[in-house]
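Going letter by letter, the sequence shown gives residues 14 to 299 in the numbering used here.
To start, the structure itself, in structure tokens.
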Amino acid sequence: MRKTTWAFLMLTIFVGLTLLRDSDAVEADWKFQGPITLTEKTYEKVDAQAAILLDSQTGEIMYAQNADTPYPVASMSKMMTEYMLLEAIKEERVDWDDEIVVSENAAATGGARVHLVAGEAYPIKDLYEAMAIGSANNAAVAIGEYLAGSTTAFAEQMNLKAAELNLRSSSFVNATGLDTGNGQNEMTARDVGMLAYHLLNDFPDIVKWTVEPTHTNLMLDGANADWSIAGLDGLKTGDTNAAGYSFTATAKRGDKRLISVVMGAEEGATRFTETKKLMERGFDNG
């Protein structure tokens with residue numbers, strides 16, 4: 014009887030020690046996940062499908078919400094078209110004074126647009142400003158065709174550039190972000206944020222254009238004080254039926270510049286209110 018009791022006691026101690034070790038492992042795992050938990054407490058959930066906030070100088074991710082699921086990116090994909098044109102100019106493959114003869118395909122592109130006549134020539138700089146400031150789809154198509162020869166060839170170059178920039182979950186079918194019947198551009202919030210990071214670091218003068226008030230970036234026109242952010246100077250809005258309302262923003266205060274991405278908000282105003290929340294918390298906590 015005593016042997017049986019002793020054996021039972023030893024078994025109980027062994028099981029207890031095993032459970033204690035398992036508990037320690039769980040505690041260690043919980044501690045490892047601590048920074049993520051703290052981040053979620055610091056930044057309440059963004060009212061959109063996906064979002065990200067990062068430091069433009071270091072690339073540090075300060076907040077991420079569903080940041081690795083690809084979504085239709087709408088006109089925010091024009092940031093890639095901008096990047097590729099600015100790179101071509103930097104490498105002297107094209108010049109700001111070059112003139113583009115607009116094709117019928119480019120001239121007929123719908124959505125946000127400027128007045129372009131097929132067969133007439135326009136300076137690259139004018140087309141770039143129409144795209145970067147006014148989000149003109151026909152100007153973006155004209156630029157893409159000039160750089161690559163055709164819309165399809167330019168989309169292929171966009172995908173190659175995405176791979177080069179390590180944008181792992183991005184796919185492009187055109188220069189605009191429109192759904193033209195053969196699919197649409199898709200990116201994750203993380204990829205959009207990193208594209209903005211490369212754009213700002215490789216071509217910092219871009220904010221000279223993106224700081225201009227537009228009919229889409231209402232955070233810059235001063236019409237709504239609730240959306241005002243000190244230091245905001247870009248970057249790109251986007252919206253389609255499939256993509257919802259999105260906004261990639263950047264703001265600088267002192268030596269600190271932040272980039273935020275809000276994707277798939279249900280209302281146009283929501284992308285701005287959520288951007289302000291992200292930015293203000295980023296500067297306050299940074």
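Just so you know, even glycine gets a beta-carbon here, dropped at the ideal spot from N, CA and C.
A quick note: this is a predicted structure, and the numbers were derived from the prediction, not measured.
Problem - Nearest neighbour of Met93, chosen from Asn179, Ile113, Ala77 and Gln70 [CA to CA] - result: Asn179
Handout entry: Where Ser88 sits in the DSSP three-state scheme
Key = helix
Handout entry: Exposure label - Leu173; buried when at least 16 CB within 10 Å
Key = exposed
Practice task
Report the three-state DSSP secondary structure of Phe285 (helix, strand or coil).
Solution key: helix
Exercise for the section: Express the C-alpha separation of Glu112 and Tyr135 in angstroms, rounding to a whole number. Expected result: 5 Å
Exercise for the section: Say whether the region 180-199 touches the region 126-135, bearing in mind that this needs 3 or more beta-carbon pairs closer than 8 Å, one atom from each stretch. Expected result: no
Problem - Alpha-carbon to alpha-carbon, Leu212 and Met171 - result: 14 Å
Exercise for the section: Starting from the C-beta of Thr50, find all residues in its chain whose C-beta is less than 7 Å away, skip the five residues before and the five after it, and write them out in chain order. Expected result: Low per-residue confidence applies at Thr50: pLDDT is 32, beneath 50, and the placement is therefore not dependable enough to give any value.
Practice task
Pick helix, strand or coil for Asp215, following the three-state DSSP scheme.
Solution key: helix
Handout entry: Given Thr164 as reference, the closest of Arg126, Ala143 and Val115 once Cα atoms are compared
Key = Val115
Problem - Cβ-Cβ separation, Gly251 to Met89 (assumed contact under 8 Å), whole Å - result: 4 Å
Handout entry: Residues sharing a beta bridge with Ser273, DSSP
Key = Leu66 and Ala262
Practice task
Measure the Cβ-Cβ separation of Tyr76 and Met276 and say whether it is below 8 Å.
Solution key: no
Practice task
Could you tell me whether the region 260-273 touches the region 242-249, using the rule of 3 or more Cβ pairs below 8 Å?
Solution key: yes
Problem - For Asp252, the first and last residue of its enclosing beta strand (DSSP E) - result: Leu245 to Thr253
Exercise for the section: From the DSSP output, in three-state form, read off Thr25 for me. Expected result: Any answer about Thr25 is weak, because its pLDDT of 40 lies below 50 and its placement is not dependable; what the coordinates show is given next. Note: Thr25 maps to helix in three-state DSSP.
Handout entry: Through-space distance from Ile242 to Ala262, alpha-carbon basis
Key = 10 Å
Practice task
Look at the alpha carbon of Arg294 and the alpha carbon of Gly162, and state the distance between them as a whole number of angstroms.
Solution key: 44 Å
Exercise for the section: For the beta strand (DSSP E) containing Gln78, list its first residue and its last residue. Expected result: Ile74 to Gln78
Exercise for the section: Give me the Cα-Cα distance between Asp218 and Glu57, rounded to the nearest whole angstrom. Expected result: 33 Å
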